[in-house]
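Chemist:
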Amino acid sequence: MTMRNATQKLSYLQAIVEAQREEMRRDERVILMGEDIAVYGAQSLFDEFDNKRLRNTPISENSFVGVGVGAALTGLRPIVDLTIASFCYLASDQIINQAAKLRFMTGAQLAVPLVVRTSTFYNNRTAAQHADRPYPLFMNTPGLKVLAPSTASDAKGLLKAAIRDDDPVVIFEDINLWGKKEEVPTDEDFLVPIGKAAVRREGGDVTIVSIAGCLPHALSAADALAKDGVEAEVIDLRTIVPLDKETILTSVAKTGRLIVADNSHKVGSVASEIAAVVSEEGFESLKRPIQRVAAPQVHVPYNAALEKRLFVSKDRIIDAVRAIT
Amino acid sequence: MTMRNATQKLSYLQAIVEAQREEMRRDERVILMGEDIAVYGAQSLFDEFDNKRLRNTPISENSFVGVGVGAALTGLRPIVDLTIASFCYLASDQIINQAAKLRFMTGAQLAVPLVVRTSTFYNNRTAAQHADRPYPLFMNTPGLKVLAPSTASDAKGLLKAAIRDDDPVVIFEDINLWGKKEEVPTDEDFLVPIGKAAVRREGGDVTIVSIAGCLPHALSAADALAKDGVEAEVIDLRTIVPLDKETILTSVAKTGRLIVADNSHKVGSVASEIAAVVSEEGFESLKRPIQRVAAPQVHVPYNAALEKRLFVSKDRIIDAVRAIT
Amino acid sequence: MPLDRAQQLEMFRRMLRIRLFEEALIAHNPVGHLSIGQEGAIAGACMALRDDDYVTGTHRSHGHPIGKGAEIGPLMAEIFGKRTGICKGLGGSMHLTDTKLGLICESAIVGGGFPLATGAGLSAQVRGSDQVSLCFFGDGAVNQGTFSESVNMGAVWKLPVIYFCENNGYAVTTPVEKSHGQPEIARRADGYGIPGVVVDGQDAEAVHAVTLEAVERARAGEGPTLIEAKTYRFDEHSNRLAIPIEYRSKEEIEHHRNERDPITLYRAVLQTRDLLSEIEAIEAEVRTTIDEAVEFAKASPEPEMSDLWDSMYVNPISAPAGEGEL
Amino acid sequence: MPLDRAQQLEMFRRMLRIRLFEEALIAHNPVGHLSIGQEGAIAGACMALRDDDYVTGTHRSHGHPIGKGAEIGPLMAEIFGKRTGICKGLGGSMHLTDTKLGLICESAIVGGGFPLATGAGLSAQVRGSDQVSLCFFGDGAVNQGTFSESVNMGAVWKLPVIYFCENNGYAVTTPVEKSHGQPEIARRADGYGIPGVVVDGQDAEAVHAVTLEAVERARAGEGPTLIEAKTYRFDEHSNRLAIPIEYRSKEEIEHHRNERDPITLYRAVLQTRDLLSEIEAIEAEVRTTIDEAVEFAKASPEPEMSDLWDSMYVNPISAPAGEGEL
Ligand SMILES: Cc1ncc(C[n+]2csc(CCOP(=O)(O)OP(=O)(O)O)c2C)c(N)n1
Ligand SMILES: Cc1ncc(C[n+]2csc(CCOP(=O)(O)OP(=O)(O)O)c2C)c(N)n1
Ligand SMILES: [Mg+2]
Ligand SMILES: [Mg+2]
């Protein structure tokens, strides 16, 4: 038996593996499918679970995601690993046309307890076909829940919540965070609620909403700004759909200034959605223009130095804050 | 020889067919591919062009779009008809990972003069798997141009411009406009510039940006509002990427109020992007909160009466204007 | 195990129910892709399944739940868009899914059912159940990548799946020969190492026999079978779509209507087995069933805006203020 | 038409260029998916093509342009991420595309090349050119839906395409037998009505012969051929990916390195043809070429932010104020 408050030092990637291990132990309906899953972190699961529940799939993204949907409709709770986020486009048919719509189209006769995991592989010299951060891809489609954890604890707690959720969930994991270690609760029922953003730092001068791997940069920007007397409130979005409007609007009501840090391309990003919500529902409290700090509309180059410049950094956040304070 | 200013009464759908006919006559590199293309309006092209240039494809969306990309890379200028917009998800891999990225990834060795046509089939009792309006689907991906014409003339002129453009273009046609007739220029070089919105009605009190099939509703809302002394400026977006920020910001600078009418689901919509741009770059002129009038986050039901209620209407636009004037 | 008399009559009943259901639609609510002409393939396949076996289908969805034995009223009400419909009026003509009988999806996205049926087979295998999963699809759907991907996965994992092609010769206006490099669909099975079988889809008992064999293989853990039932659609692709070209001849259609009607053919077979009076009783009964279904559908209420929100998630996310009222 | 002596030596040169290019990468810039072990299949196939024929490839991209005869310096500079790289340092290791030699795409999306190669074939057919298009792909890629979809389209339209499988037995850690319901890849051809041919990929001349036959069929308007070249990758899937499991035995790897090295084997063949001194000259020359390429790459400048914007569109959309400067 684990203690309620016990913790264990785990990296973000280890936390993901532990979440799956615990849920597979707890519920035999949970299975894991994907290409070469041992290579993407799951090798230690093979010590404990067999080939029935750990499925190395052929390279057939649209179909193995759909196989997950079919299995979810009929009594299993599959986790499907789409490894690299640009493979989401290959499976977006089954995710959008089937997973997201089947419950509705059948008049709620069915449920789709499916988890799709995928990793954003940017800042890794993999060039344009592997480095996408398509957080907004599934945002326009009702029926899905979409997550993007930024800490090891959240990676664990949100993935566990997703596995227990009865609706289809897509979770974006950020490889730039894979190595980050922290104390993670060992309680088997430790869950992070879907739909709740986390205030990582309080401050009254400006709100910085941060998505996935932007968090470390947002926090160090906030530290630097504090030295100049600007207190930033840093919100870690964690859940993209459904959006925690309340936490964001409450903060903006206090600060009157909003920065959104998002490593997607700027146009049509999650940052755009947040800006839209605040310009609709939080307009009266806004003192200055909203600032999106995001990747520009160019593809990710192979050259590492140029690649790095596309993404959110401490300095870019500081500049954005300076522009409105 | 056609006269410079001659026109011809055509429906939106006929205008699309004429655009293709003219460009196929003009440039033998232009071909048209798709499923049962005769059924989707192109039957009269078969009188003039042969099976070499008019290709009925097998039901293989991802591949026939990719075949279009491959042909575009090697000397043709293909038009690929994805018929119904929810089939875009099946081909989003080839559109996003290949069409949009290939020029960049090869260091500009290649060009991809491809046009992908697709129709939004909402308000047609086809239910959730056929009724999507995924205008934002390709907006987050640099490298593409994305169009959404609302009049017969624009349908013709934008499609012709797209066919002559050397970059990949996705064009959303709206079946709710198929039957709308108007005088359309017959000049073979009549082009509507990509990237330019059209001010359809001038007014100083509120800006209504309208996307695709929302235009008739926006215009009748504006007429009704004018009777109450509220003068709306109606902007027909026409091009989704690249966004004509200038026209929108200029109008908002004058009116201080912005409504965006978009039949996509509200979250992560083109309306969200426009709201974000204005809340960043036009904030100082905004007097009241931005209002997005869009479809709510539920799927499209089969029941026709309920389906209709999801979409933008004159009354919903009027309500939104009333809320901020 | 061949069908006993009661089962033969039940198969006839289901075929006739499909036929009269579709004819009622033509009369009352001209919507959808009809299965007239394909009843033998559908009922023959379904009669080889248990109630708890899974089925996925297509945009041409009406026949599948009827073939599986579903109650008619809620199916009819669905096509009328009513709240008493099997999908509450939200799914409609292309999505008649009755989960009580293992129907998990009629996919209007061509090819969308392959992975789902394969996943249902995976589920049965992982849970150690002896259920099987039957995937209905058309000849055109074979060209979707999901066919190849999913059949291969079914084969690698020896899943209990029957891939059942209703080959009616056309995808909308496109004949098989113009869209398939090799037009014999069953022959594609070899590429995945599974058996491929061709059967006359207008002969319901022949369809039943080959399907039963495939079901037994699947239940025994020997993996999938690909069945190609040669059938024909008597009506237009969809009675809502204007088809501006002649892609099949009137003679061809008349030939099938006159010589190859699966119901006429099976009725004649059953008559030779001295079942005429039973047939006539079924004919009267089915007519009543369909009439009552139409009445039920007409009299039923429309769904409401709140039904949309309530059908989205298992734990409904509540409608934002105002939107519930649109 | 068998290869003449000059062509035999050219084939050997290209094989050796691939080998030494990859070895230089291991020494200088450990990035990428190497083609060591697969040189015979690649060069054998490419030697059957004209300079203006099209080629598409994969994430394992280095061998294809070298096999097609591309200049080495810009390829090396690309992997060093330099502005003088064939793709200006924007594409990198998985995308070495030299369009001067008809290479139109190395797709790091597995299966992404099937439609592109098929489209190039369509283009040649529509333009009435006699070019052909050759699509390199791995055994794992066969399970992508695009394989089936595209090969079928090539077959229906009798396009001049050669689908060429470098079957190295594994997709990352997954052996063919565990991911293919039926492990003989060439056998899938029958499903599309095109010829399927198996060849020893370690025998460059055998590869050349079967490819040439396919090229001639394609140019004659007889449609696609599927070729399966049995080969082996000597190194790890990618030298950047940690592989935590043993999925193939050391003995198996050693067997291939020692007995089945395509360069050793072909060198021996050429020696029996009295070409030793020519071979030695080529060996020296290739070593110099590679050394010079490394020097060139090292000495080359980095790309600039403006190169990104300039490479996006044919008519560049200018960078929004500020973003060009990031
Ligand atoms: C992904 C997708 N592409 C295209 C369509 C449009 N469409 C609907 S039915 C159909 C033809 C299907 O042919 P087949 O599989 O033979 O089934 P049949 O209609 O003959 O029963 C097509 C192309 C679709 N619904 N889904
Ligand atoms: C669509 C897609 N899915 C998965 C991957 C990850 N991946 C890269 S290479 C590879 C294996 C490919 O195997 P094979 O086709 O046999 O080529 P090989 O690496 O053996 O040359 C995989 C799964 C990818 N790049 N693209
Ligand atoms: Mg058919
Ligand atoms: Mg391989």
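Residue numbers (our numbering), protein chains in the order written: chain R, 1 to 325; chain W, 326 to 650; chain Z, 651 to 976; chain G, 977 to 1302. C-beta atoms are modelled at their ideal positions from N, C-alpha and C, and glycine is treated no differently. All values derive from a computational prediction rather than experimental measurement.
Just the chain W side, please: which residues come within less than 7 Å of Gly731 of chain Z by C-beta, in chain order?
Modeler: Tyr627, Asn628 and Ala629
Chemist: In angstroms with no decimal places, state the Cα-to-Cα distance between Ser1105 of chain G and Thr399 of chain W.
Modeler: 11 Å
Chemist: Within the same chain, show all residues whose beta-carbon is closer than 8 Å to that of Lys591 of chain W, passing over the 5 residues directly before and after it, in chain order.
Modeler: Ser597, Arg617, Ala619, Ala620, Pro621 and Gln622
Chemist: Indicate whether the contact test is met: 3 or more Cβ pairs, each with one atom in the stretch 190-209 of chain R and one in the stretch 239-257 of chain R, closer than 8 Å.
Modeler: By the Cβ criterion, the stretch 190-209 of chain R is in contact with the stretch 239-257 of chain R, since at least three pairs of Cβ atoms, one from each stretch, lie closer than 8 Å.
Chemist: Using 10 angstroms around the beta-carbon of Met326 of chain W, count the other beta-carbons present and answer buried if the total reaches 16, otherwise exposed.
Modeler: With a pLDDT of only 47 at Met326 of chain W, under the threshold of 50, the placement of this residue in the model should not be trusted; the figure read from the coordinates follows. Classification of Met326 of chain W: exposed, given that the 10 Å Cβ count is below 16.
Chemist: I'd like to check one pair, Leu996 of chain G with Val953 of chain G: are the Cβ atoms closer than 8 Å?
Modeler: Because chain G spans 977 through 1302 in this model, residue 953 of chain G falls outside it and cannot be assessed.
Chemist: Is Met1 of chain R close to chain Z, meaning its C-beta is less than 8 Å from at least one C-beta of that chain?
Modeler: Per-residue confidence for Met1 of chain R stands at a pLDDT of 47, beneath the threshold of 50, marking its modelled position as unreliable; no derived number is given.
Chemist: Quick check: what's the CA-CA separation for Phe608 of chain W versus Pro567 of chain W?
Modeler: 21 Å
Chemist: Who are the Cβ neighbours of Gly41 of chain R in its own chain at under 7 Å, not counting the five residues just before and after it?
Modeler: Answer for Gly41 of chain R: Leu13, Ile16 and Val17, listed in chain order.
Chemist: In its own chain, which residues sit with a C-beta less than 8 Å from the C-beta of Pro825 of chain Z, not counting the 5 before and 5 after it?
Modeler: Gly819, Tyr897 and Arg898
Chemist: What is the C-beta distance between Ser153 of chain R and Glu182 of chain R, in whole angstroms, given that I count them as a contact (C-beta under 8 Å)?
Modeler: Right, the Cβ-Cβ distance comes to about 6 Å (below 8 Å), so this counts as a contact.
Chemist: Between the stretch 129-151 of chain R and chain Z, which residues of the former have a C-beta closer than 9 Å to a C-beta of the latter?
Modeler: Pro142, Gly143 and Lys145
Chemist: Run down chain W in chain order and give the residues with a C-beta less than 8 Å from the C-beta of Cys1063 of chain G.
Modeler: Met430, Thr431, Gly432 and Gln434
Chemist: Output the distance between the C-alpha atoms of Ser757 of chain Z and Met744 of chain Z, rounded to the nearest integer angstrom.
Modeler: 7 Å
Chemist: Is there a Cβ of chain G sitting closer than 8 Å to that of Ile59 of chain R, yes or no?
Modeler: yes
Chemist: May I ask you to list the residues that DSSP assigns as paired with Asp8 of chain R?
Modeler: The question names Asp, but residue 8 of chain R in the sequence shown is Gln. In the DSSP output, where bridge partners are listed per residue, Gln8 of chain R has R:Val184.
Chemist: Between Tyr1146 of chain G and ligand 2, is there a pair consisting of the residue's CB and a ligand heavy atom that are separated by less than 7 Å?
Modeler: Yes, the Cβ of Tyr1146 of chain G comes within 7 Å of a heavy atom of ligand 2.
Chemist: Would you list, in chain order, the members of the stretch 350-364 of chain W that have their beta-carbon closer than 8 Å to a beta-carbon of chain Z?
Modeler: Listed by position, the residues of the stretch 350-364 of chain W near chain Z (Cβ gap below 8 Å) are Glu360, Asp361, Ala363 and Val364.
Chemist: Could you check which residue in W:Arg450, W:Ala425 and W:Phe463 has the C-alpha nearest to that of Tyr414 of chain W?
Modeler: W:Phe463
Chemist: Compare the C-beta of Ala1000 of chain G with all C-beta atoms of chain R and state if any pair is closer than 8 Å.
Modeler: no
Chemist: For the alpha helix (DSSP H) containing Asp960 of chain Z, name the first residue and the last one.
Modeler: Met955 to Asp960
Chemist: Mapping DSSP to helix, strand and coil, what is Met1 of chain R?
Modeler: With a pLDDT of only 47 at Met1 of chain R, under the threshold of 50, the placement of this residue in the model should not be trusted; the figure read from the coordinates follows. Three-state result, Met1 of chain R: coil.
Chemist: Please name the residues in the stretch 1147-1163 of chain G whose beta-carbon is closer than 8 Å to at least one beta-carbon of chain R, in chain order.
Modeler: Ala1147, Val1148, Thr1149, Thr1150, Lys1154, Ser1155 and His1156
Chemist: Using beta carbons (cut-off 8 Å, strictly below), is Asn802 of chain Z in contact with chain R?
Modeler: Asn802 of chain Z counts as touching chain R.
Chemist: Taking only beta-carbon positions, decide if Pro1279 of chain G is within less than 8 Å of chain R.
Modeler: Cβ-Cβ to chain R under 8 Å: yes for Pro1279 of chain G.
Chemist: Am I right that Phe946 of chain Z and Met697 of chain Z are in contact with their C-beta atoms under 8 Å? What's the rounded C-beta distance?
Modeler: Wrong, their Cβ atoms sit about 26 Å apart, outside the cutoff.
Chemist: Examine chain W for any beta-carbon lying closer than 8 Å to the beta-carbon of Gly268 of chain R, and answer yes or no.
Modeler: yes
Chemist: When we look at the beta-carbon of Thr431 of chain W and count the other beta-carbons within 10 Å, is it buried (16 or more) or exposed?
Modeler: buried
Chemist: Could you confirm whether any beta carbon from chain B is found closer than 8 Å to the beta carbon of Ala331 of chain W?
Modeler: This model lacks chain B altogether; the protein chains it does include are R, W, Z and G.
Chemist: Under a three-way DSSP split, which group does Ser888 of chain Z fall into?
Modeler: coil
Chemist: Answer yes or no: does any C-beta atom of chain R fall closer than 8 Å to that of Phe672 of chain W?
Modeler: The first residue shown for chain W is 326 and the last is 650, placing residue 672 of chain W beyond what the model contains.
Chemist: Apart from the five residues on each side of it in sequence, which residues of its chain come closer than 8 Å, Cβ to Cβ, to Gly1057 of chain G?
Modeler: Gly1065, Gly1068, Glu1278 and Pro1279
Chemist: Residues in its own chain within less than 7 Å of Ser86 of chain R by CB, not counting five upstream and five downstream?
Modeler: Gln129, His130 and Asp132
Chemist: Would the beta-carbon of Asp1028 of chain G be found less than 7 Å away from any heavy atom of ligand 4?
Modeler: Taking 7 Å as the cut-off, the C-beta of Asp1028 of chain G does not count as close to any heavy atom of ligand 4.
Chemist: Helix, strand or coil for Gly788 of chain Z, going by three-state DSSP, please let me know.
Modeler: strand
Chemist: State buried or exposed for Gly717 of chain Z, treating a residue as buried only when at least 16 other CB atoms are found within 10 Å of its CB.
Modeler: buried
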